[in-house]
Amino acid sequence: MNIIPELPANKIIKLLKRKEISVEEIVLAQFKRIDEVEDKVKAFISLNKEEAINEAKMWDKKIHEDKKIPPLCGIPIAIKDNICVKNEKTTCGSRILENFSPPYSATVIDKVKNAGCIIIGKTNMDEFAMGSSTENSSFYVTRNPWNPETIPGGSSGGSAASVASGEVTLALGSDTGGSIRQPAALCGIVGMKPTYGRVSRYGLVAFASSLDQIGPLTKDVTDCALLLQVISGKDNKDSTSIDRPVPKYLEYLIPDLQGIKVGLPKEYFVTGIEKEVKESVLQAAKVLEDLGAKVEETSLPHTEYAVATYYLIATAEASSNLARYDGVKYGYRTKEKTNMIDMYKKTRKEGFGDEVKRRIMLGTYVLSKGYYENYYGKALRVRTLIKRDFEKAFEKFDVLLTPTSPTVAFKIGEKIDDPLKMYLSDIFTISANLAGIPGISIPCGFGQNNLPVGLQILGRPFEEETILRVAYAYEQSTEWRKRKPEI
Ligand code: GLN
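Position one of the sequence shown corresponds to residue 3 (this note's numbering), numbered consecutively onward.
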């Protein structure tokens, strides 16, 4: 049973179908692994052991009665703590929601449960998903399983670290500017941001509503396809989810890339990128060529404006979304007896951390009368230009290949006092959110200090299957996924 923490879901399911293992054994093996490493990793905010074991027993009974097994039956999953699970604490990594338990579950939670997944716990994150290192969590810093002195990336750092360390098989995260792909890259696993509208956001605590998207963090590309299949589709509870058929993603996983055109945007291989990162990605492009793809350089000319545009739009939307935390409707309220206005102020002062306050102030400023047109209005226009760059590139190319992050995992504390440096961690991931397009990060090598490097593959809207195909072909012809952190 001690091999369970090393296996992807697609292998565990086979064991289960052959009745070589029970769901209870799978779940117990994961909790044993959690007991062994969680002190070092600190991926979780809360664990769900009792209920997980009860559910495991329930599935075992159904299997025994020869009932039909759903696609992810018995697979342990971790949930980022900004995704609502009914009656379970959902903190968003924030003191202001420290004791908040939602009265309903997110649509993705209903979906993974119906598919047979067992929720193991809720994972640590940067407060309200604002950050790139999980250092902005109000509780503690999650550590990178490859080197506990380095950050796991963020904001879905807890989800990424829980999968990379073998504490769970699958995880869900959210990606507003890179928060699935960047931690996946830094922890050496697979992470996908689907097209905006592919997956319901109902029950995801909003950060920047026009950018947020829920997606999978997994050990390999096959698991990513399996989990994406389960969570995708129109949801009447989210008017931004789109009614388009969901392809059968597994059918696209073939080890050959004949006819696929790959673009290398030259703007992604310049400033600030570590030499080893660049080399690994260019090497990956060669592997794709060997597999039959045609690779050519291309250009996304407005790339240099992406970070600035993102920090105007994301903060504007956040300032509006976070207005609801006032000590009345949700979570924490100041203990000081005072009048109403003061109560709002003190609650927010005590409940929010520095980064969240910085963003609320910036967002309020860019939306203010007199500045709105100059900042927010202009950012929206640049967003359109960035989107058009992609549309043009995708007339010629099926996918674009870039690094996910300019660097490998950095040391805890290294960038925390320099927000601008921290913001640049997402320089390669942010544009996809602004344009609404899907992207994946998969392992493509090891850089400085033997830390993992991520390869980003971006695709046309609602063409996740093409991204998965390219990712799968690359993964199968390389050995990276076989290396595991020694923790
Ligand atoms: N790191 C980016 C930010 O701080 C992206 C976060 C995210 O995708 N949630 O906003």
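Glycine residues also receive a C-beta, built at the ideal position from the N, C-alpha and C atoms. Just so it is clear, the structure is predicted and the values come from calculations on it, not from any experiment.
For Thr178, the shortest C-beta to heavy atom distance toward the ligand GLN is below 7 angstroms.
Annotation for Thr125: no alpha helix (DSSP H) segment contains it, though the beta strand (DSSP E) segment containing it runs Ile120 to Thr125.
Burial state of Glu57 is buried, judged by a 10 Å Cβ sphere holding 16 or more other Cβ atoms. Excluding five sequence positions before and after Ala473, the CB atoms of its chain that fall closer than 6 angstroms to its own CB belong to Val223, Ile442, Ile444 and Ile459, given in chain order.
At the C-beta level, Pro463 and Gly447 stay beyond 8 angstroms of one another.
For Ala227, the CB contacts under 7 angstroms within the same chain, skipping 5 residues up- and downstream, are Tyr251, Leu252, Leu255 and Leu470 in chain order. DSSP, reduced to helix, strand and coil, places Glu298 within a strand of the structure shown. Annotated as distal: Ile65 and Thr171, with beta-carbon spacing of 8 angstroms or more. Between the alpha carbons of Thr152 and Ile414 lies a distance of about 5 angstroms. For Pro267, the pairing in a beta bridge is given by DSSP as Thr300. Distance from the C-beta of Asp428 to the nearest heavy atom of the ligand GLN is below 7 angstroms.
By the CB criterion at 8 angstroms, Thr349 and Thr336 fall inside the cutoff. The region 97-112 and the region 16-36 do not touch, with fewer than three beta-carbon pairs separated by less than 8 angstroms. Counting only residues of its own chain and dropping the five nearest sequence neighbours on each side, Leu364 has a CB closer than 6 angstroms to the CB of Thr317. Per DSSP, reduced to three states, the secondary structure at Ile6 is helical. By the beta-carbon neighbour count (other beta carbons within 10 angstroms, threshold 16), Arg200 is buried. Shown here for Tyr270: same chain residues with a beta carbon closer than 6 angstroms to its own, the five before and five after excluded, namely Thr404 and Phe430 in chain order. For Thr404, the uninterrupted beta strand (DSSP E) run begins and ends at Val401 to Pro405, by DSSP. Each of Asp258, Asn323, Lys280 and Val309 was checked against the Cα of Glu291, and the nearest Cα belongs to Asp258. For Ser181, the shortest separation between its Cβ and any heavy atom of the ligand GLN lies below 7 angstroms. Separation of the CB atoms of Pro454 and Gly190 is rounded to 3 angstroms, and the pair is thereby assigned contact status at 8 angstroms. Taken from the Cβ of Met363, every heavy atom of the ligand GLN lies 7 angstroms or farther away.
The residues Leu302, His304, Thr305, Tyr307, Ala308, Thr311, Ser433, Leu436 and Ala437, in chain order, have a CB closer than 8 angstroms to that of Ile388 in the same chain once the five nearest residues on each side in sequence are set aside. From the listed residues Arg145, Asn149 and Pro150, the smallest Cα separation to Ser158 is found for Arg145. DSSP lists Gly123 and Ala173 as the bridge partner or partners of Ala80. Collapsing the DSSP output to three states places Met194 in a strand.
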